[in-house]
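Engineer: Questions regarding the structure given below will be posed in turn.
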Amino acid sequence: MKLTSLAQTGLFTLAAASHFGFREPAGHEWHPPVRGDSRSPCVGLNNLANHGYLPRSGKNIDLEAVRRAVAGAYNYERTAFDSAFQQAVDFKLTTTGNASTFHLADLALHDAIEFDGSLSRNDFASGDDLHFDPAVWHGVAKSLGLYEIGSDKADRYVTVETAARARAARVAEAKRLNPAFNASDAQAQGSPGTTALYLTTLWDATQGAVPKAWIRSWFEQERIPYREGYKPLSDTPKTGKDIGDMFQRILAVDTEG
Numbered sequence: 043m044k045l046t047s048l049a050q051t052g053l054f055t056l057a058a059a060s061h062f063g064f065r066e067p068a069g070h071e072w073h074p075p076v077r078g079d080s081r082s083p084c085v086g087l088n089n090l091a092n093h094g095y096l097p098r099s100g101k102n103i104d105l106e107a108v109r110r111a112v113a114g115a116y117n118y119e120r121t122a123f124d125s126a127f128q129q130a131v132d133f134k135l136t137t138t139g140n141a142s143t144f145h146l147a148d149l150a151l152h153d154a155i156e157f158d159g160s161l162s163r164n165d166f167a168s169g170d171d172l173h174f175d176p177a178v179w180h181g182v183a184k185s186l187g188l189y190e191i192g193s194d195k196a197d198r199y200v201t202v203e204t205a206a207r208a209r210a211a212r213v214a215e216a217k218r219l220n221p222a223f224n225a226s227d228a229q230a231q232g233s234p235g236t237t238a239l240y241l242t243t244l245w246d247a248t249q250g251a252v253p254k255a256w257i258r259s260w261f262e263q264e265r266i267p268y269r270e271g272y273k274p275l276s277d278t279p280k281t282g283k284d285i286g287d288m289f290q291r292i293l294a295v296d297t298e299g
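Under my numbering, the residue at position 9 of the sequence shown is numbered 51, and the numbers go up by one with no gaps.
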C-alpha cells in the first residue's frame, strides 16, 4: 500500500520535526535565511549557508570558505570545487567589489552557472530563476517517487536510473513550457551535473541509492538531512572524480524508454 502525496507530506513533516532521533552538528544547526541574506540557485551552497558552514548571510564568500564548507559538511576533498569557484571568478559574476569573492545571489546570472531546466527553479524567462519554485519541484518530486513510499524497503530510495529519468523529464517539460528555453553548453552540462552532485553528496553506499527523505530535506527545506540520519563517511573524502563518474552514469541511462 502506498501513501498519498498529502499523507506522505504530513508524515515527512512530523518525522522531520522529531529529528528521526538524530541531531545536527553543534554550531551547525539549520536556520533558514532572513531578510537581507543572499542565496543562490544552487541548493547545495544554500544548504551550507543555512547550516553556517558558509557565512549565514551568504555574502563575501571566498575560496577558503568554500573549501572548509564542502569538507566539513559533505566530506569532499577540500579542493574538489576549486574549479567551480574559479569558473565563477572567470565569469566575473561578483558584485562584492572583490574579484576573489562573491555573494550567493551573484550565481543567478543567466547562462553563466545558472541554466534553464533546473530541478527546483523556474527558467529565466519566467522572471525568477533564483528562488525555489514549488510547482517546478512538485513535478520533479513526483518523477522521483518521493511522495510514494510503500512497504518495500526499496521504495524509500532513489536510484541513479530514477534520478536520471526525472532530470530528463524536467528538461523536456521546461522545453515544452518555455519557447525561449536556452539549450546552451551551460544547460547541457549543468543539468546532469546538478543531479550528479546531489546524488554523490547524499549517496548511501550501503543501499546503492539515496534515501527519499534526504532528497526532500535537501530541496524542499534547503536543509542538510542530518535529522534523517545523513552522516557522510569520514574515512575517504569524496572527490571531483566521484562527481564525474556519477555524471557519466546519469548520461548512460536510457531516458527515452
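C-beta: ideal position from N, C-alpha, C; glycine also. Note that the structure is predicted; figures quoted are calculated from it, not measured.
1. Apart from the five residues on each side of it in sequence, which residues of its chain come closer than 7 Å, Cβ to Cβ, to residue 164?
2. Just verifying my parser: in three-state terms, what is the DSSP assignment at residue 252?
3. Output needed for residue 216: all residues of its chain with C-beta closer than 7 Å, excluding positions within five of it in sequence on either side, in chain order.
4. What does DSSP give as the partner residue(s) for residue 199 in the beta ladder?
5. Looking only at its own chain, which residues have a Cβ that is under 6 Å from the Cβ of residue 197, when we skip the five neighbours before and after it?
6. Would you kindly work out how many angstroms separate the C-alpha atoms of residue 173 and residue 83, rounded to a whole number?
7. From residue 131 to residue 143, what does the alpha carbon distance come to, in whole angstroms?
8. Taking 8 Å as the threshold (C-beta atoms), are residue 75 and residue 102 in contact?
9. Check this for me: beta carbons of residue 66 and residue 269, under 8 Å apart or not?
10. Taking 8 Å as the cut-off, decide whether the C-beta atoms of residue 300 and residue 154 are in contact.
11. Of the residues 78, 117, 72, 73, which one's Cα is nearest the Cα of residue 282?
12. Measuring CB to CB, does residue 205 end up less than 8 Å from residue 237?
13. Can you round the beta-carbon distance between residue 161 and residue 212 to whole angstroms, since I take them to be within the 8 Å contact cut?
14. In the structure shown, what three-state DSSP assignment does residue 103 receive?
15. Under a three-way DSSP split, which group does residue 156 fall into?
Structural biologist: Concretely, from the data shown:
1. Residue mapping note: residue 164 aligns to position 122 of the sequence shown, counting from 1. Excluding positions up to five away in sequence, the list reads 170, 171, 175, 178.
2. If you number the sequence shown from 1, residue 252 lands on position 210. Residue 252: strand per DSSP, three-state reduction.
3. Along the sequence shown, one-based indexing puts residue 216 at 174. So the qualifying residues of the chain are 158, 159, 165, 223.
4. As a first step, residue 199 is located in the sequence shown; it is residue number 157 there, counting from the start. For residue 199, which the question treats as bridged, DSSP gives the partners 253.
5. Along the sequence shown, one-based indexing puts residue 197 at 155. The answer, listed in chain order, is 191.
6. Position 131 of the sequence shown holds residue 173. Position 41 of the sequence shown holds residue 83. The straight-line gap from Cα to Cα measures roughly 7 Å.
7. Indexing the sequence shown from 1 puts residue 131 at position 89. Indexing the sequence shown from 1 puts residue 143 at position 101. Those two C-alpha atoms are separated by around 8 Å.
8. Taking the sequence shown and counting its residues from 1, one reaches residue 102 at position 60. Taking the sequence shown and counting its residues from 1, one reaches residue 75 at position 33. For residue 102 and residue 75, no; Cβs fall outside 8 Å.
9. Sequence index remark: in the sequence shown, residue 66 carries index 24 (1-based). Sequence index remark: in the sequence shown, residue 269 carries index 227 (1-based). Taking 8 Å as the Cβ cut-off, residue 66 and residue 269 qualify as a contacting pair.
10. As displayed, the chain neither begins before 43 nor continues past 299, which places residue 300 out of reach and without an answer.
11. The count along the sequence shown starts at 1 and reaches residue 282 at position 240. The residue with the shortest Cα to Cα distance from residue 282 is 117.
12. Translated into the one-based positions of the sequence shown, residue 205 becomes position 163. Translated into the one-based positions of the sequence shown, residue 237 becomes position 195. Yes, they are a contact pair.
13. Translated into positions along the sequence shown, residue 161 becomes position 119. Translated into positions along the sequence shown, residue 212 becomes position 170. Rounded, the Cβ-Cβ distance is 6 Å, consistent with contact.
14. Residue 103 sits at position 61 when you count from the first residue of the sequence shown. In the structure shown, residue 103 sits in a strand (DSSP, three-state: E or B).
15. For this step, residue 156 is matched to residue 114 along the sequence shown. Residue 156 falls in the strand class under three-state DSSP.
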